[in-house]
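Worksheet: one structure, shown below.
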Amino acid sequence: NAGVMQNPRHLVRRRGQEARLRCSPMKGHSHVYWYRQLPEEGLKFMVYLQKENIIDESGMPKERFSAEFPKEGPSILRIQQVVRGDSAAYFCASSFFQETQYFGPGTRLLVL
Amino acid sequence: KNEVEQSPQNLTAQEGEFITINCSYSVGISALHWLQQHPGGGIVSLFMLSSGKKKHGRLIATINIQEKHSSLHITASHPRDSAVYICVIGVNTGNQFYFGTGTSLTVIP
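Residue numbers (the working numbering), protein chains in the order written: chain Z, 10 to 121; chain X, 16 to 124.
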């Protein structure tokens, strides 16, 4: 049973471009969480999704950020018009219902 | 004020020592998680607790709901335990999460 997969592992974007981060949960998991870890800071919750539903997006910036978890395929975290302050590690975790979360390896986003 | 406070921030121990990391929180929770983040950045979920005590190998996690406090213990510490340990609380029926700032542990051979 493969663990949580995230891709790409590293992503470089120029200011103003779009960043798409993908997360494939563990098999059988229908709950996905996205977290952001800014340089020299702790993890922060962004959004909690179930299949086709956003359950809680209270940690998401109001503009430029969106997330989805379609019926088929991975969960996508989308950042439009990236700025330097978006440079961070973005971690995805999945769980079976609201149980132990299993983390992916993260995507390191660097905005030039 | 942070919803989650961890102590100590940094901890250095000799191999074999018994280690305790503390986590206090100020809000009602649905569950508390302990995570381990390795120097390379990878994150492993160690425990999820809502009451009592859990043990996994050399790791023990306890929680006291009345006192809003949890501890993570490592017995017979080893250099490979060197990592950042993060306390996370889930609130609002588990929809939202607040993270402690982490405890950076270094175990010296």
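Every residue, glycine too, gets a C-beta built ideally from N, C-alpha and C.
{"Query": "Can you tell me whether DSSP reads Z/Arg87 as helix, strand or coil?", "Result": "strand"}
{"Query": "Any C-beta of chain X sitting closer than 7 Å to the C-beta of Z/Val109?", "Result": "In the sequence under discussion, the amino acid at residue 109 of chain Z is Thr, which differs from the Val named in the question. True, the Cβ-Cβ gap to chain X drops below 7 Å."}
{"Query": "Of all the options Z/Thr109, Z/Phe78, Z/Ser96 and Z/Gly37, which has the alpha carbon lying nearest to the alpha carbon of Z/Lys122?", "Result": "With chain Z represented from 10 up to 121, any question about residue 122 of chain Z goes unanswered, as that position is not in the structure."}
{"Query": "What residues match up with Z/Asp65 in a beta bridge as DSSP calls it?", "Result": "Z/Tyr57"}
{"Query": "For the segment 51 to 73 of chain Z, enumerate the residues whose C-beta is nearer than 7 Å to any C-beta of chain X, in chain order.", "Result": "Gly51, Leu52, Lys53, Phe54, Tyr57, Ile64, Asp65 and Ser67"}
{"Query": "What in chain Z is Cβ-close to X/Gln111, meaning under 9 Å?", "Result": "Phe54, Tyr57, Asp65, Ser67 and Gly68"}
{"Query": "Please state whether DSSP places X/Gly67 in a helix, a strand or coil.", "Result": "strand"}
{"Query": "If distances are taken between C-alpha atoms only, which option among Z/Pro34, Z/Phe54, Z/Arg117 and Z/Leu20 comes closest to X/Cys102?", "Result": "Z/Phe54"}
{"Query": "X/Arg95 by DSSP, collapsed to three states: which one?", "Result": "helix"}
{"Query": "Chain Z partners of X/Val59, CB-CB under 8 Å?", "Result": "Phe112"}
{"Query": "Say whether the segment 16 to 31 of chain Z touches the segment 77 to 94 of chain Z, bearing in mind that this needs 3 or more beta-carbon pairs closer than 8 Å, one atom from each stretch.", "Result": "yes"}
{"Query": "Can you name the residues of chain Z whose CB is closer than 9 Å to the CB of X/Gly56?", "Result": "Gln46, Ala98, Phe100, Pro114, Gly115 and Arg117"}
{"Query": "Answer yes or no: does any C-beta atom of chain A fall closer than 7 Å to that of X/Thr116?", "Result": "Here the protein chains are Z and X, and chain A is not one of them."}
{"Query": "Could you work out which residue in X/Gly43, X/Glu20 and X/Gln29 is closest to X/Ser66 when comparing CA atoms only?", "Result": "X/Gly43"}
{"Query": "Tell me the residue span of the beta strand (DSSP E) that contains Z/Leu47.", "Result": "Unbroken run through Z/Leu47: none, as it is neither H nor E."}
{"Query": "Please return the same chain residues whose Cβ sits closer than 7 Å to the Cβ of Z/Leu47, not counting the five positions on each side in sequence.", "Result": "Ala97"}
{"Query": "What is the DSSP secondary structure of Z/Gly94, reduced to helix, strand or coil?", "Result": "helix"}
{"Query": "Going by alpha carbons, who is nearest to X/Pro23 out of X/Gln111, X/Ile123 and X/Ser86?", "Result": "X/Ser86"}
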